[in-house]
Ligand SMILES: [Zn+2]
């Protein structure tokens, strides 16, 4: 009687090797979306500094505009009061008006100083925003490159997976139907690791000691023997 296991062992090993590769490719494939979403989250985080800076610039610009409007209103007020000077009848009214004008002008000159200071501030923050924008553009580019690499990897893995899945089918088809079916069932449950070499009378997959009777059956090789503990197909690693 031919040794059933020995006849099919090379084919089984070839199938397992492909299954191992399929399992690894699937594992890598599931990691890619996680990696990509991690990248985009990281980029969002880096964007927040720019967003904050941009907001503080807008606040400053708004504040500047308000001050400028206040100044122009007060300047119009001075002009209006200046016009009234020639219309007043008494010295008392005249000097009161003059005092009001002088006080408004003093306010305005403080306001002008404040505006100049704010304009400088706006310029400084504007520069910062621009620097940060350039920096962020560089970062974005680098992230996009990494993302594209991941997409390319994904495509490559999918292609490879298709190839090896086909190869695996062809290899398993070379096995006798029963052995092929058994192998498929175990491989599916054990992440593609359906075979376990026996070394020193121990199943090397689960470390369970094999009973002498099972060793005898395995030596006879008349049928496929599976590990009583982990259900993998046993073979002597020679
Ligand atoms: Zn085992």
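In our numbering, the protein residues as written are 2 to 239. Yeah, the Cβ is synthetic: ideal placement off N, Cα and C, and Gly gets one too.
Nearest-angstrom Cα separation, counted from residue j out to residue i
{"i": "residue 99", "j": "residue 86", "result": "8 Å"}
{"i": "residue 51", "j": "residue 142", "result": "16 Å"}
{"i": "residue 144", "j": "residue 44", "result": "7 Å"}
{"i": "residue 112", "j": "residue 132", "result": "30 Å"}
{"i": "residue 164", "j": "residue 137", "result": "40 Å"}
{"i": "residue 166", "j": "residue 42", "result": "34 Å"}
{"i": "residue 213", "j": "residue 188", "result": "26 Å"}
{"i": "residue 156", "j": "residue 26", "result": "11 Å"}
{"i": "residue 185", "j": "residue 53", "result": "57 Å"}
C-beta neighbour in chain B for residue i, strict 8 Å
{"i": "residue 112", "result": "This model lacks chain B altogether, as it is built from one protein chain only."}
Spatial neighbours of residue i in its chain, beta-carbon cut-off 8 Å, leaving aside the 5 residues before and after
{"i": "residue 215", "result": "226, 229, 235"}
{"i": "residue 123", "result": "58, 61, 62, 65"}
{"i": "residue 238", "result": "198, 199, 200, 205"}
Span of the beta strand (DSSP E) around residue i
{"i": "residue 177", "result": "Run containing residue 177: none; DSSP gives neither H nor E here."}
{"i": "residue 234", "result": "234–237"}
{"i": "residue 200", "result": "196–200"}
Nonlocal neighbours in the same chain, by C-beta distance under 7 Å from residue i, ignoring five residues either side
{"i": "residue 2", "result": "Per-residue confidence for residue 2 stands at a pLDDT of 47, beneath the threshold of 50, marking its modelled position as unreliable; no derived number is given."}
{"i": "residue 169", "result": "16, 19, 20, 23"}
{"i": "residue 78", "result": "105"}
{"i": "residue 40", "result": "144, 147, 148"}
{"i": "residue 154", "result": "33"}
Identity of the residue in the options nearest residue i by Cα
{"i": "residue 146", "options": "37, 109, 42", "result": "37"}
{"i": "residue 190", "options": "14, 180, 233, 163", "result": "233"}
{"i": "residue 171", "options": "35, 67, 74, 16", "result": "16"}
{"i": "residue 72", "options": "96, 91, 107", "result": "107"}
{"i": "residue 9", "options": "55, 183, 101, 91", "result": "183"}
{"i": "residue 84", "options": "102, 70, 194, 93", "result": "102"}
{"i": "residue 32", "options": "177, 217, 158", "result": "158"}
Residue i - containing alpha helix (DSSP H), residue span
{"i": "residue 55", "result": "5–85"}
{"i": "residue 221", "result": "213–221"}
Contacting residues, own chain, Cβ-Cβ under 6 Å from residue i (five flanking each side not counted)
{"i": "residue 209", "result": "230"}
{"i": "residue 28", "result": "none"}
{"i": "residue 140", "result": "47"}
{"i": "residue 1", "result": "Nothing can be reported for residue 1: it is not among the residues displayed for the chain, which extend from 2 to 239."}
{"i": "residue 203", "result": "210"}
heavy atom of ligand 3 below 7 Å from residue i C-beta
{"i": "residue 188", "result": "This structure does not include ligand 3; its bound ligands are ligand 1."}
>> Which runs of the beta strand (DSSP E) at least 3 residues long sit entirely within the stretch 89–123? Give them in chain order.
In response: Counting only unbroken stretches of 3 or more residues, no beta strand (DSSP E) element lies wholly within the stretch 89–123.
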